[in-house]
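Note sheet for the following structure.
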DNA sequence: ATTCTGACA
DNA sequence: TGTCAGGA
């Protein structure tokens with residue numbers, strides 16, 4: 011009934027996941043997938059397809075291709091589900107920590123920008139005021155002369 | 001028509 | 001990751 015293909019071409023997967031064949035070949039270079047070869051052509055199995063899906067998910071989660079490779083690597087090696095989950099949890103924790111740090115950095119810089127912006131505005135209004143008084147002084151002087 | 005490798009104005 | 005080349 012479910013006649014799911016036993017293998018796919020590089021273009022099949024590219025289409026399915028909305029990426030280009032170039033990306034798939036690139037991921038292969040990075041060791042994320044290793045489709046078998048039929049001569050030079052790549053033959054992707056359902057397992058390769060699953061790994062590609064996981065890789066794309068990891069990318070969305072912000073993991074580097076190296077991290078994804080490591081995670082996926084033990085995903086089918088270590089059959090210990092708990093170990094896999096623990097690793098994933100560690101990775102997610104680090105990702106989260108990095109994001110929190112970035113948010114703090116951004117907030118800090120934002121405050122500095124706001125402070126500088128304020129200084130500029132004050133400096134500007136101070137000059138406007140001086141210019142106005144200068145004009146007043148000169149007009150007064152002219153009147154005197 | 002499809003895919004492959006290598007390279008980078 | 002894109003893209004172009006030149007071959008299978």
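In my numbering, the protein residues as written are 11 to 155.
Idealized CB from N, CA, C, for every residue including glycine.
Looking at the strands, I want to know which residues DSSP matches up with residue i.
{"i": "residue 17", "result": "55"}
{"i": "residue 46", "result": "53"}
Would residue i pass as a contact of residue j if the rule is Cβ separation under 8 Å?
{"i": "residue 20", "j": "residue 54", "result": "yes"}
{"i": "residue 61", "j": "residue 75", "result": "no"}
{"i": "residue 65", "j": "residue 37", "result": "yes"}
{"i": "residue 59", "j": "residue 126", "result": "no"}
{"i": "residue 105", "j": "residue 72", "result": "yes"}
Given that a residue counts as buried once 16 or more other Cβ atoms are within 10 Å of its Cβ, and exposed if not, what is residue i?
{"i": "residue 45", "result": "buried"}
{"i": "residue 52", "result": "buried"}
{"i": "residue 23", "result": "buried"}
With a cut-off of 8 Å on the beta carbons, I'd call residue i and residue j a contact; round off their distance for me.
{"i": "residue 101", "j": "residue 81", "result": "6 Å"}
Can you check which of these residues, the options, is closest to residue i by C-alpha distance?
{"i": "residue 33", "options": "107, 48, 63 and 98", "result": "63"}
{"i": "residue 69", "options": "27, 96, 107 and 47", "result": "27"}
{"i": "residue 57", "options": "144, 93, 48 and 15", "result": "15"}
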